[in-house]
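Numbering (the numbering used here), first residue to last: 1 to 118. Note that CB positions come from ideal geometry on N, CA and C, so glycine has one too. Since the model is a prediction, treat every value here as computed from it, not as a measurement. Comments concern the structure below.
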Amino acid sequence: MPIDTAAVSVSLNSAYALVDALRCALRGSSCSQWTGTGGDSYRLRKDEVVAQAQGVLDDIQAALDAVPTLEANATAFLVSTAAAVTNGYNTAVTLADLYGTVLTSTAAAVSDDLLGRR
């Protein structure tokens, strides 16, 4: 089943907007009227949360940047698998060649089929 990268992008963009709104709201809430240890503690923790929110935003942006690569890899995988099946190749071996790894699925080893179908 193909990966719906458009849905992934929409979800990531939505998450990004929500976290960014939270970060902006926190950044703007300094509570300057709070004094003493409580106020200082609040501002310190608020700054930590703002920094953590920025880290989450960076991670979401990295995921958004990876979506085109994910889409390209998924397409290459589907094309390679379809070609292997069409040409009668052992799908597990073809995928191992594609990824440079050895697949350890018992079903693939027994039936020469990655999905275990005969």
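Three-way DSSP call (helix, strand, coil) for residue i in this model
{"i": "residue 5", "result": "helix"}
{"i": "residue 75", "result": "helix"}
{"i": "residue 87", "result": "coil"}
{"i": "residue 35", "result": "coil"}
{"i": "residue 80", "result": "helix"}
{"i": "residue 30", "result": "coil"}
Which listed residue (the options) has its alpha carbon closest to that of residue i
{"i": "residue 54", "options": "8, 69, 9 and 23", "result": "23"}
{"i": "residue 28", "options": "87, 77, 84 and 49", "result": "49"}
{"i": "residue 21", "options": "76, 87 and 56", "result": "56"}
{"i": "residue 47", "options": "86, 82 and 25", "result": "25"}
7 Å Cβ shell around residue i - same chain, five flanking residues per side excluded
{"i": "residue 39", "result": "31"}
{"i": "residue 12", "result": "60, 63 and 64"}
{"i": "residue 42", "result": "31 and 34"}
With a threshold of 8 Å, are at least 3 pairs of Cβ atoms found where one atom belongs to the stretch 57 to 75 and the other to the stretch 16 to 24? yes
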